[in-house]
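Take the position in the sequence shown, starting the count at 1, then add 5; the result is the number in the numbering used here. Positions of the beta carbon are idealized from the N, C-alpha and C atoms, including for glycine. Keep in mind the model is a prediction, meaning the values are calculated, not measured. What follows is a set of notes on a single structure, which appears directly below.
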Amino acid sequence: YETIGGFLMHQMGRIPQRKERYQFGTVTFIIENADQKSIKEVTVIAPFIQEGNK
């Protein structure tokens, strides 16, 4: 994928709506802005893993 938006549209099978969430493993994507053709802005929330902790 060339963009996170492209990845999300492929995974979801559609263009998501604003404020919609998508969980991929331990990472959460929040669609902040999208139109009928593409995702414009995404917030990515990933867990913090401190070195030495597993």
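Mind checking who residue i pairs with in its DSSP beta bridge?
i	result
Q22	Q22 is not bridged to any residue.
Return the first residue and the last residue of the beta strand (DSSP E) that residue i is part of.
i	result
F53	It is not in any beta strand (DSSP E) - F53 carries neither H nor E in the DSSP assignment.
T33	V32 to A39
Over the uninterrupted alpha helix (DSSP H) stretch that includes residue i, give me the two end residues.
i	result
G10	I9 to M17
My assumption, with CB atoms under 8 Å, is that residue i sits in contact with residue j. Please give the rounded CB distance.
i	j	result
F34	V47	5 Å
Could you check the C-alpha separation between residue i and residue j for me, to the nearest Å?
i	j	result
K24	E37	5 Å
K42	I20	7 Å
A51	D40	25 Å
L13	Y27	8 Å
K45	Q55	31 Å
V49	V32	7 Å
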